[in-house]
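Participant: Below you will find the structure I want to go over with you.
Residue numbers (the working numbering), protein chains in the order written: chain A, 30 to 285; chain B, 332 to 568.
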């Protein structure tokens with residue numbers, strides 16, 4: 030561990046009741062999904078949808094609440110001889126690592142147990158990535174406003190946008206421009222939503238991608254190749270890094 | 332030791348500090364008083380680097396503090412309201428701050444001992460009463476024997492015994508030649524502690540003078556009476 034604050038935040042959050050409940054929930058869901066479904070692929074698809082709904086929600090809201098509740102503690106840290114950037118990075122690493130560990134214990138263990146081959150690892154990796162991305166977005170929401178209710182409201186809206194509204198908008202565009210060859214554009218549009226990126230990644234690993242139709246073929250052409258996969262991975266990393274770096278910049282210049 | 336030159340601070344349209352100038356030297360124990368919202372906390376936060384002044388600069392031991400953080404090694408701060416991560420134990424909080432400060436062996440554990448915090452090292456911060464949290468904050472601010480102590484309403488929330496222990500400690504550190512800032516609304520309590528008084532009003536420093544001089548000019552024998560005397564004079568005018 031290279032940040033002094035991280036390890037203390039990490040152990041504090043792992044003992045947090047909400048995080049314990051989240052781990053337990055993931056564990057119950059994953060074990061039951063795999064016990065009910067005989068077909069491993071179907072199980073992965075079901076679990077993927079569950080993960081893509083719960084993980085972003087818990088990551089972004091928990092981050093926002095934790096940061097707002099820590100405001101006095103952050104003030105105390107600011108009075109210590111330590112750089113502002115380091116405090117913010119320490120908080121981020123602490124929150125991210127503890128929520129990622131919760132995810133790995135809750136969902137990762139059953140996935141490793143039931144799913145063979147690389148698909149399991151990719152599923153766990155995407156879950157960890159999604160955790161990082163939404164913790165990062167949570168940091169951005171918190172720094173934007175001093176008001177706790179407003180900050181949590183913004184984070185709920187962001188979650189709602191990425192999990193539901195975005196897909197609705199994409200569908201709307203698809204119907205409006207059905208007469209045009211917009212399949213390639215769709216690849217670009219999907220990069221605007223980290224949840225979709227993760228979903229495409231996993232679905233392409235399974236044999237069900239044929240169900241996505243012609244657009245699916247374009248996706249497979251792009252994200253199925255090594256180059257496309259790297260682009261997708263880089264895009265997800267950017268989603269995790271950019272919101273955090275923006276919030277860090279704002280934190281350094283903020284009056285507390 | 333601390334020099335504040337032409338510091339102003341605006342929050343939007345609100346001007347919280349207006350061209351504040353101040354020089355403080357070691358051995359002074361300064362009471363920072365004034366009505367609510369007069370800019371006391373903002374001034375303290377400026378010294379600690381939590382609030383960045385709109386204009387002007389602050390010098391600590393002759394060095395400009397903007398964009399510096401190492402100078403805070405020499406400052407102990409006790410916030411008005413302390414809140415710590417819920418699941419951290421008292422012991423962990425101390426360990427963490429020691430870790431951040433990379434402190435060596437020479438720790439001043441006098442308050443830790445007199446508040447008997449070691450006996451409840453394993454208690455989680457969430458389970459502590461407000462007064463106990465204040466004891467933790469007080470012990471932390473004195474722990475590294477800093478040259479400057481900034482105490483924001485230090486005795487609020489402490490029981491009389493604990494408050495008395497803290498006051499004795501403040502007097503002792505003052506005699507050790509430390510520079511101490513105290514904000515408080517309890518003027519009677521400050522009387523035995525402070526050597527100097529700063530009165531702030533609407534973002535400006537009304538005066539900064541030794542207590543003895545203040546008592547002489549107002550011909551009173553206590554700080555509380557002196558301050559009320561001055562405020563009454565304002566009222567008449």
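We treat Cβ as the ideally placed atom computed from N, Cα and C, and that holds for glycine.
1. Find the nearest neighbour of residue 283 of chain A within the set A:53, A:171, A:49, A:206, judged by alpha-carbon distance.
2. Closer than 8 Å, CB to CB, is residue 513 of chain B near chain A or not?
3. I'd like to know if residue 467 of chain B contacts chain A, where contact means its C-beta is closer than 8 Å to some C-beta of that chain.
4. Since residue 541 of chain B sits in a beta bridge, which residues does DSSP pair it with?
5. So if I threshold CB-CB distances at 8 Å, which residues from the region 35–58 of chain A count as touching chain B?
6. Measuring only between beta-carbons, confirm whether residue 102 of chain A sits less than 8 Å from chain B.
7. Bridge partners of residue 362 of chain B, per DSSP?
8. Drop a sphere of 10 angstroms on the beta-carbon of residue 65 of chain A, count the other beta-carbons inside from all chains shown, and report buried for 16 or more, exposed for fewer.
9. Taking 8 Å as the CB-CB limit, is residue 415 of chain B close to chain A?
10. Check whether the Cβ atoms of residue 339 of chain B and residue 348 of chain B lie closer than 8 Å to each other.
11. Note down, in chain order, all residues in the region 377–406 of chain B with a beta-carbon under 9 Å from any beta-carbon belonging to chain A.
12. For residue 430 of chain B, would you say it is in contact with chain A, using Cβ-to-Cβ distances shorter than 8 Å as the test?
13. Put residue 340 of chain B into one of helix, strand or coil per three-state DSSP.
14. Count the other C-beta atoms from every protein chain shown that fall within 10 angstroms of the C-beta of residue 118 of chain A, then say buried if there are 16 or more, exposed otherwise.
15. Is residue 33 of chain A close to chain B, meaning its C-beta is less than 8 Å from at least one C-beta of that chain?
16. When you compare only the Cα positions, how much space is there between residue 511 of chain B and residue 77 of chain A?
17. Looking at chain B, which residues of the region 104–122 of chain A have a Cβ within less than 8 Å of any of its Cβ atoms?
18. Give a yes or no on whether the minimum CB-CB distance between residue 446 of chain B and chain A is below 8 Å.
19. Looking at the structure shown, is residue 475 of chain B part of a helix, part of a strand, or coil, going by DSSP?
20. From the DSSP secondary-structure annotation, give me the bridge partner or partners of residue 408 of chain B.
21. I need the straight-line Cα distance from residue 560 of chain B to residue 336 of chain B, nearest angstrom please.
22. Please report the residue range of the alpha helix (DSSP H) in which residue 349 of chain B lies.
23. Tell me whether residue 391 of chain B sits in a helix, a strand or coil according to DSSP, three-state version.
24. Strictly by DSSP, which residues pair up with residue 335 of chain B?
25. Quick one: what's got a C-beta closer than 7 Å to residue 551 of chain B's C-beta in the same chain, skipping five residues either side?
26. Can you tell me which of the three DSSP states residue 420 of chain B falls into?
27. Report the rounded CA-to-CA distance for residue 490 of chain B versus residue 462 of chain B, giving the unit in angstroms.
28. If you measure from the beta carbon of residue 173 of chain A to each beta carbon in chain B, is any gap under 8 Å?
29. Can you tell me whether residue 455 of chain B is helix, strand or coil according to DSSP?
30. Hey, quick one: how far does the alpha helix (DSSP H) through residue 35 of chain A stretch, first residue to last?
31. In or out: residue 91 of chain A buried (at least 16 other Cβ within 10 Å) or exposed?
32. Relative to the C-alpha of residue 393 of chain B, which residue among B:509, B:332, B:453, B:549 is closest?
33. To the nearest angstrom, how far is it from the Cα of residue 115 of chain A to the Cα of residue 249 of chain A?
34. What in chain B is Cβ-close to residue 99 of chain A, meaning under 7 Å?
35. On the DSSP bridge list, what partners appear for residue 536 of chain B?
36. Could you list which residues in chain B have their beta carbon closer than 9 Å to that of residue 285 of chain A, in chain order?
Facilitator: Let me lay it out:
1. A:171
2. no
3. no
4. B:527
5. 37, 38, 40, 41, 42, 44, 45
6. yes
7. B:513, B:528
8. exposed
9. yes
10. yes
11. 379, 380, 381, 382, 383, 400, 401, 402, 403, 404, 405, 406
12. yes
13. strand
14. buried
15. yes
16. 58 Å
17. 104, 105, 106, 107, 108, 109, 110, 111, 112, 113
18. no
19. coil
20. B:481
21. 29 Å
22. Per DSSP, residue 349 of chain B belongs to no alpha helix (DSSP H); it is in the beta strand (DSSP E), 345–355.
23. strand
24. B:353, B:389
25. 557, 560
26. strand
27. 7 Å
28. no
29. strand
30. 33–43
31. buried
32. B:332
33. 41 Å
34. 416
35. B:531
36. 376, 381, 382
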